[in-house]
């Protein structure tokens, strides 16, 4: 598979600490389309795809202060194959399905109408994300 001009500017894998250094991921990372996922979840990652050639990437962002010192903020981009991207999407789907079921169960608990409405809105957002991820797998 040949690498397009956009992907040529993105290394196979790069991790940078952005809080205390001037290091940054290449600006081309921002041109990748977000397929879905959570960039703050290292177990799943945010799946991104190149709009030009379809190459997949996993993007992670980790901010941690741990209450000691100034903490850190790491960003990582990693080029992955179709199988690994699909696995990450499937993990995201599973977690979203669990979140939706959990939120639906919360609706059964008597609570203020405002909280109930906010929970319903969050479910809609999660269901849209779920549909988008499933569409990408198709």
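In my numbering, the protein residues as written are 4 to 141. Positions of the beta carbon are idealized from the N, C-alpha and C atoms, including for glycine.
Nonlocal neighbours in the same chain, by C-beta distance under 8 angstroms from residue i, ignoring five residues either side
| i | result |
| --- | --- |
| residue 107 | 126 |
When the options are compared against residue i, the one with the closest alpha-carbon
| i | options | result |
| --- | --- | --- |
| residue 59 | 92, 50, 33 | 50 |
| residue 87 | 13, 116, 140, 11 | 140 |
| residue 84 | 29, 16, 99 | 16 |
| residue 34 | 76, 80, 19, 26 | 80 |
Proximal residues to residue i (C-beta, below 7 angstroms), its chain only, five neighbours per side dropped
| i | result |
| --- | --- |
| residue 91 | 40, 47, 48, 50, 61 |
Alpha-carbon to alpha-carbon, residue j and residue i
| i | j | result |
| --- | --- | --- |
| residue 56 | residue 6 | 7 angstroms |
| residue 24 | residue 76 | 10 angstroms |
| residue 128 | residue 64 | 21 angstroms |
| residue 110 | residue 132 | 20 angstroms |
| residue 100 | residue 134 | 11 angstroms |
Bounding residues of the alpha helix (DSSP H) (the contiguous stretch that carries residue i)
| i | result |
| --- | --- |
| residue 85 | 85 to 110 |
The beta strand (DSSP E) enclosing residue i, as first and last residue numbers
| i | result |
| --- | --- |
| residue 12 | Taken as a continuous stretch (DSSP letters only), residue 12 belongs to no beta strand (DSSP E), as it is neither H nor E. |
| residue 52 | 48 to 52 |
Burial state of residue i (16 or more Cβ within 10 Å)
| i | result |
| --- | --- |
| residue 78 | buried |
| residue 112 | exposed |
| residue 121 | exposed |
Same chain only: Cβ atoms within 6 angstroms of residue i, ignoring 5 sequence neighbours per side
| i | result |
| --- | --- |
| residue 136 | 39, 92, 95, 96 |
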